[in-house]
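J.: Read top to bottom, the protein sequences are chains B and F.
Whatever position you read off the first sequence (first residue = 1), add 2 for our numbering.
Whatever position you read off the second sequence (first residue = 1), add 11 for our numbering.
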Amino acid sequence: MGGITVQRPAAAGAGRASGNAGAASAKFDGKVGKVGQSAARRRKQRLLVMVMLGIPTLYMAFFLGVPVARGIYTSLTNFALTGPGAAHPQFVGGSNYGDLFSSSQFWDGLKASLEYLVGSAIVGQVVVGFLLAVFVERLGKMARSVLLSVVVLAWIVPEIVVAFIWSGYLSTPSGLANVLLGFVGVGPEPFLFKYAMPSLIVANTWRGMAFSVLVLGAALQAVPTEVIESARLDGAGEWRILRYVKLPLVRTAVATVLALTTLWTLSDFTLIFVLTGGGPGNSTDVLPVYTYQQSFSFYELGLGTAISLVLLVLACALAYFYMKVAASDLKTRRA
Amino acid sequence: MSVQALEVRPPAATGRPVGTAHQRWARRWRQGRKKLPTAVIFVVVFAFFALPLFLLVSSAFTANASINFQAPSHLTLSNFGSVLSGAGFGQAALNGFILSAGSAAIALVLAAMAAYPLSRFRFRGRVGFLLGVLFVTGVPVTALIVPLFEFFREFGWLDSLLPVVLLMAAFATPISIWLVKTFLDNVDPALEESTWVDGASRLQGYVRVVLPLMSTGLLVAFLLNFIAGWANFYVPFILLSSADKLPIAVTIYQFFGSYGTVDYGHLAAFSILYSIPPAILYLFTGGRFGGSFSTGAMKG
């Protein structure tokens with residue numbers, strides 16, 4: 003931690019994130035050099051930086067870092083809430099991971115997680131969300147706010163409520179969805195048994211759509227109209243404008259939405275837990291639900307921790323992707 | 012003046028229909044047909060999002076509603092009445108408030124601390140720290156819950172509110188740092204520099220001058236964390252167990268997990284009462300969940 007320097011006002015303007023960087027730097031230009039840099043002062047500032055960053059860092063490290071470090075150790079023992087593993091956990095090396103990777107239930111869980119991820123995050127919220135954002139942009143003001151308010155309402159409702167709404171909506175034989183299907187002579191269908199994963203995907207898309215529509219909608223609106231007009235003058239149709247003009251310009255927003263929705267979807271527990279509980283069979287036993295079952299239904303904490311850590315590694319990969327996207331987004335905004 | 016304006020206007024711009032009645036109808040039909048796909052998509056999308064919400068509202072106002080849907084014959088407030096008078100609702104609401112307000116407040120204090128050096132100094136490791144904050148923002152609590160459960164068990168913290176508040180604060184801190192730093196970046200450093208001249212320290216200038224200036228931004232950050240905490244089901248579900256400590260999110264589950272199918276109207280009323288605070292607070296944040304937070308996660 004050698005070179006702490008006071009952020010000079012001139013640099014401050016240039017370094018300002020987002021928006022009004024230009025105006026700000028002009029405002030601060032006159033103040034360069036006002037701040038002195040004596041050795042004592044530098045030491046004091048270094049201390050200030052270390053204390054102000056140190057306290058929050060230690061706080062987070064205590065609650066997030068320590069459990070992870072201990073979790074890695076626990077996953078190498080036969081620790082359990084009941085039985086012999088409870089009193090004297092033994093070091094068992096990689097055997098939890100061996101058990102895990104050789105159990106078909108784990109691979110079922112991974113497959114369910116991937117289906118849920120691709121279906122509701124990538125296809126539902128990003129692809130359909132993008133199309134919906136394009137559609138919303140074309141609507142009149144009134145129609146747009148009517149549509150957006152139901153979409154946002156679905157998002158504001160807490161997750162557990164979403165789960166109860168959909169468990170009633172899709173229930174057999176006469177939940178509202180089946181009543182409506184009855185009007186056209188279809189059903190009743192036992193959605194949550196016969197089409198468990200598709201039902202979850204639809205419910206989660208319903209819940210998460212607002213985020214992608216809002217973020218992508220904002221990005222689409224920021225595309226300069228001159229660019230679109232000139233493409234139109236060159237004879238490009240609506241589809242080509244969308245594909246070759248708008249889409250490249252909102253690429254960063256798409257990547258951000260992709261990173262965050264996949265992250266949230268991968269770690270989603272509540273909706274699946276309440277709607278299907280992982281069933282029927284293991285067909286919707288996504289990793290968070292599988293973790294819960296092993297740890298808190300069967301009390302196999304060693305195994306549960308191992309599943310947790312696999313989930314953590316996958317989440318970290320997505321978090322890393324998100325970090326990269328967000329960092330490049332910041333760079334382009336500053337430029 | 013208006014007369015003049017009318018006179019200059021070319022005849023075509025008056026909007027008077029041209030042609031016979033039949034031609035007019037034909038034109039309207041052509042224009043209407045062009046709009047038809049838009050209208051159809053609008054209705055389909057609207058119905059997809061509105062119908063489940065309609066089910067919730069309709070059940071809440073129907074006496075003895077079950078998951079077998081029945082169009083309400085007359086509206087009643089009885090479901091709301093029995094939820095509000097039922098034992099435990101007030102306690103659960105209070106617990107939920109303690110968890111979300113407490114964790115949001117602690118996260119905000121920690122964020123205000125970290126944001127200052129990150130915004131006002133250039134030092135080695137600054138960018139790395141910021142990237143680390145972004146990274147931790149993305150780490151989901153679901154992946155840590157089992158290690159956290161063991162951690163809490165070891166400390167004897169299971170089933171007590173304060174440690175859960177502190178934990179939820181730790182999860183809310185990274186995104187709060189990011190938000191507060193962004194707000195702080197937009198405050199002119201000259202404002203605090205003027206306080207140093209009076210002999211006040213940097214820290215005093217920050218606390219007395221800059222933070223009050225950012226109060227709107229700080230409130231938004233607080234509210235966003237409050238909303239996320241209020242909706243948090245999994246953390247209290249795992250780490251708390253006594254009925255008098257559970258927040259509404261878990262109470263709803265415990266209360267109706269087994270009876271929900273029978274007493275859906277009751278469940279719906281409970282759900283609506285539970286959903287009202289975040290909906291109102293969302294309006295206060297000016298819909299900032301979406302657009303301006305494209306960098307930085309919310310909900311989680």
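Cβ coordinates follow ideal geometry from the N, Cα and C atoms, glycine included.
From a predicted model like this one, the values you see are computed outputs, not experimental measurements.
1. By the three-class DSSP mapping on this structure, what secondary structure does R133(F) have?
2. Which residues in chain B sit within 8 Å of I186(F), going by Cβ to Cβ distance?
3. DSSP state of T31(F), grouped into three classes?
4. Using a beta-carbon distance cut-off of less than 9 Å, what residues from the stretch 109-135 of chain B approach chain F?
5. Let me see if you follow: with CB-CB separation under 8 Å, is M144(B) close to chain F or not?
6. With C-beta atoms as the reference, is G216(F) less than 8 Å away from S70(F)?
7. Please name the residues in the stretch 288-304 of chain B whose beta-carbon is closer than 9 Å to at least one beta-carbon of chain F, in chain order.
8. What does E161(F) touch in chain B if you count any residue whose Cβ is under 8 Å from its own?
9. Of the choices F185(B), V130(B), Q47(B), T286(B), whose alpha-carbon is the least far from that of E117(B)?
10. Going along chain F, which residues have a C-beta under 9 Å from G177(B)?
11. Beta-carbon of Q92(B) versus every beta-carbon of chain F: anything under 8 Å?
12. Are the CB atoms of M54(B) and P128(F) within a distance shorter than 8 Å?
13. Taking Cβ positions, are A41(B) and L142(F) nearer each other than 8 Å?
14. Indicate whether P151(F) and L265(B) have their beta-carbon atoms separated by less than 8 Å.
15. Taking the DSSP output, what are the residues bridged to F93(B)?
16. Nearest-angstrom Cα distance between Y264(F) and L50(B)?
17. If we call anything under 8 Å between Cβ atoms a contact, is P282(B) one with S269(B)?
18. Roughly how many angstroms separate the alpha carbons of R45(B) and F60(F), rounded to a whole number?
19. Could you tell me whether the stretch 106-118 of chain F touches the stretch 238-245 of chain F, using the rule of 3 or more Cβ pairs below 8 Å?
20. Use the C-beta contact count for S151(B): other C-beta atoms within 10 angstroms, 16 or more gives buried, fewer gives exposed.
21. Please give me, in chain order, every unbroken run of the beta strand (DSSP E) with length at least 3 that falls completely inside the stretch 140-222 of chain B.
22. For a contact defined as C-beta to C-beta under 9 Å, what are the partners of R213(F) on chain B?
23. For A118(F), which residues in the same chain have their Cβ closer than 7 Å to its Cβ, ignoring the five residues on either side in sequence?
24. Please classify N75(F) as buried or exposed, where buried requires at least 16 other C-beta atoms within 10 Å of its C-beta.
25. Using beta-carbon positions only, say whether T307(B) and S97(B) come within less than 8 Å of one another.
26. For the alpha helix (DSSP H) containing I11(F), list its first residue and its last residue.
27. Quick one: residues in its chain with C-beta nearer than 8 Å to the C-beta of V176(F), no 5 flanking neighbours on either side, listed in chain order?
28. Just checking, does the stretch 95-115 of chain B make contact with the stretch 213-232 of chain F on the three C-beta pairs under 8 Å criterion?
29. Please classify T263(B): does DSSP put it in a helix, a strand, or coil?
30. Look at the alpha carbon of T206(F) and the alpha carbon of L145(F), and state the distance between them as a whole number of angstroms.
31. Taking only runs of the alpha helix (DSSP H) that begin and end inside the stretch 188-255 of chain F, which ones reach a length of at least 4 residues, in chain order?
32. Using the C-alpha atoms, what's the distance from R72(B) back to L95(F)?
33. Listing by chain order, which chain F residues have their CB less than 8 Å from the CB of G280(B)?
34. Step through the CB atoms of chain F and report whether any lies within less than 8 Å of the CB of P226(B).
35. Going along the chain, which residues of its own chain have a beta-carbon closer than 7 Å to the beta-carbon of T79(B), five neighbours each way excluded?
36. How big is the Cα-Cα spacing for L66(B) and V129(B)?
T.: To lay it out plainly:
1. Here residue 133(F) refers to the residue found at position 122 when the second sequence is read from its first residue. Of the three classes helix, strand and coil, the one that applies to R133(F) here is strand, per DSSP.
2. Here residue 186(F) is taken as the residue at index 175 of the second sequence, counted from 1. Those within 8 Å of I186(F) in chain B number zero; the least Cβ separation is about 11 Å.
3. Position 20 of the second sequence, counting from 1, holds the residue named residue 31(F). The answer is coil: DSSP assigns T31(F) none of H, G, I, E or B.
4. So the list reads L134, given in the order they occur along the chain.
5. Locating residue 144(B) in the first sequence gives position 142, where the first residue counts as 1. No, M144(B) lies away from the interface with chain F (no Cβ there is under 8 Å from its Cβ).
6. As a working note, residue 216(F) is residue 205 in the second sequence. As a working note, residue 70(F) is residue 59 in the second sequence. Their beta carbons are not under 8 Å apart, which means G216(F) does not touch S70(F) by this criterion.
7. Those residues of the stretch 288-304 of chain B placed with their C-beta closer than 9 Å to a C-beta in chain F are L289, P290, T293, Y294, Q296, S297, F298, L303, ordered along the chain.
8. Stepping through the second sequence from its first residue, residue 161(F) is reached at position 150. Under the 8 Å cutoff, chain B gives P69, R72, G73, T76, F81, L303, T307.
9. On the first sequence, position 115 is the one that residue 117(B) refers to. Nearest in C-alpha terms to E117(B), of all of F185(B), V130(B), Q47(B), T286(B), is T286(B).
10. Taking the first sequence and counting its residues from 1, one reaches residue 177(B) at position 175. Here the neighbours are L66, I78, N79, F80.
11. As a working mapping, residue 92(B) is identified with position 90 in the first sequence. For Q92(B), not one C-beta of chain F is nearer than 8 Å to its own C-beta.
12. By one-based count along the second sequence, residue 128(F) stands at place 117. By one-based count along the first sequence, residue 54(B) stands at place 52. Cβ atoms of P128(F) and M54(B): closer than 8 Å.
13. Your numbering for residue 41(B) matches position 39 in the first sequence. Your numbering for residue 142(F) matches position 131 in the second sequence. For A41(B) and L142(F), no; Cβs fall outside 8 Å.
14. By 1-based counting over the second sequence, the position of residue 151(F) is 140. By 1-based counting over the first sequence, the position of residue 265(B) is 263. Going by C-beta atoms, P151(F) is nearer than 8 Å to L265(B).
15. On the first sequence, position 91 is the one that residue 93(B) refers to. DSSP, once it has assigned bridges, lists T79(B) as partnering F93(B).
16. As a working note, residue 264(F) is residue 253 in the second sequence. As a working note, residue 50(B) is residue 48 in the first sequence. C-alpha separation (whole angstroms): 46 Å.
17. Start at 1 with the first residue of the first sequence, and residue 282(B) comes out as number 280. Start at 1 with the first residue of the first sequence, and residue 269(B) comes out as number 267. No; because the gap between Cβ atoms is not below 8 Å, this pair is not in contact.
18. As a position in the first sequence, residue 45(B) is number 43, starting the count at 1. As a position in the second sequence, residue 60(F) is number 49, starting the count at 1. Cα to Cα, R45(B) sits roughly 58 Å from F60(F).
19. yes
20. Numbered from its first residue, the first sequence carries residue 151(B) at position 149. The residue is exposed, with fewer than 16 neighbouring Cβ atoms inside 10 Å.
21. none
22. Here residue 213(F) refers to the residue found at position 202 when the second sequence is read from its first residue. K46, Q47, L50, listed in chain order.
23. Position 107 of the second sequence, counting from 1, holds the residue named residue 118(F). Taking C-beta separations shorter than 7 Å and ignoring five residues to either side along the sequence, the partners of A118(F) in its chain run A180, A183, T184, S187, N236, following chain order.
24. Indexing the second sequence from 1 puts residue 75(F) at position 64. Exposed, by the Cβ-count rule.
25. Position 305 of the first sequence, counted from the first residue, corresponds to residue 307(B). Position 95 of the first sequence, counted from the first residue, corresponds to residue 97(B). Not a contact, by the Cβ cut-off of 8 Å.
26. Outside the displayed range of chain F (12 to 311) lies residue 11(F), so it cannot be described from this structure.
27. Counted from its first residue, the second sequence places residue 176(F) at position 165. Correct list, in chain order: I109, L110, G113, S114, I117.
28. no
29. The count along the first sequence starts at 1 and reaches residue 263(B) at position 261. DSSP places T263(B) in the helix class (H, G or I) of the three-state scheme.
30. As a working note, residue 206(F) is residue 195 in the second sequence. As a working note, residue 145(F) is residue 134 in the second sequence. Between T206(F) and L145(F), the C-alpha separation is close to 32 Å.
31. 201-208, 213-216, 226-242, 245-250
32. In the second sequence, the residue the question calls residue 95(F) occupies position 84. In the first sequence, the residue the question calls residue 72(B) occupies position 70. Taking the straight line joining both Cα atoms gives about 43 Å.
33. Locating residue 280(B) in the first sequence gives position 278, counting from the first residue. Correct list: empty, because the minimum Cβ distance to chain F is about 14 Å.
34. The residue you call residue 226(B) lines up with position 224 of the first sequence. Judged by the 8 Å Cβ criterion, P226(B) is not in contact with chain F.
35. As a working note, residue 79(B) is residue 77 in the first sequence. Closer than 7 Å at Cβ, skipping near neighbours: P91, Q92, F93, V94, G304.
36. Walking along the first sequence from the start, residue 66(B) turns up at place 64. Walking along the first sequence from the start, residue 129(B) turns up at place 127. The alpha-carbon atoms of L66(B) and V129(B) are separated by roughly 33 Å.
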